[in-house]
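Residue numbers (the working numbering): 43 to 167.
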């Protein structure tokens with residue numbers, strides 16, 4: 043059958059949401075996005091610098107100011123319909139109203155594959 047006659051199912055548009063958040067807000071954000079049905083989430087500890095300055099710390103009795111502030115980075119791959127609800131969860135649960143609450147970035151995802159069984163697209167999530 044020629045390609046033009048085949049029924050081609052369009053791949054669901056997927057997005058990658060990256061959020062750099064206060065580590066203390068991770069549990070609340072995780073609970074909120076899990077309640078939305080998010081199937082896949084990765085997180086890890088990161089350090090960075092921004093508008094918030096590090097607090098003075100003590101090390102062996104000597105005060106010092108660390109150059110970087112610890113945060114948690116969350117990466118979520120999801121279908122386009124869940125992007126706004128996920129962002130709303132992160133905004134609502136991650137906000138303290140103070141400088142340093144974090145940032146959210148959204149990217150297009152071209153495709154995804156599950157290594158175990160070669161699922162592709164949304165089924166791979």
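Where a beta carbon is used, it is the ideal one built from N, C-alpha and C, also for glycine. Keep in mind that this is a model prediction, so the values were computed, not measured.
- With contacts defined as CB atoms closer than 9 Å, residue 153 and residue 91 fail to qualify as a contacting pair.
- Runs of alpha helix (DSSP H) with 4 or more residues, each lying fully within the segment 76–140, are found at 125–136, listed in chain order.
- Per DSSP, the beta bridge partners of residue 60 are 117, 147.
- Residue 140 and residue 66 have their C-alpha atoms some 13 Å from each other.
- With distances taken between CA atoms, residue 61 lies nearest to 117 out of 105, 126, 117.
- Excluding the 5 residues flanking it on each side, residue 122 has same chain C-beta neighbours closer than 8 Å at 54, 55, 56, 57, in chain order.
- Residue 80 places its beta carbon less than 9 Å from that of residue 120.
- By alpha-carbon distance to residue 157, the top candidate from 111, 165, 145 is 165.
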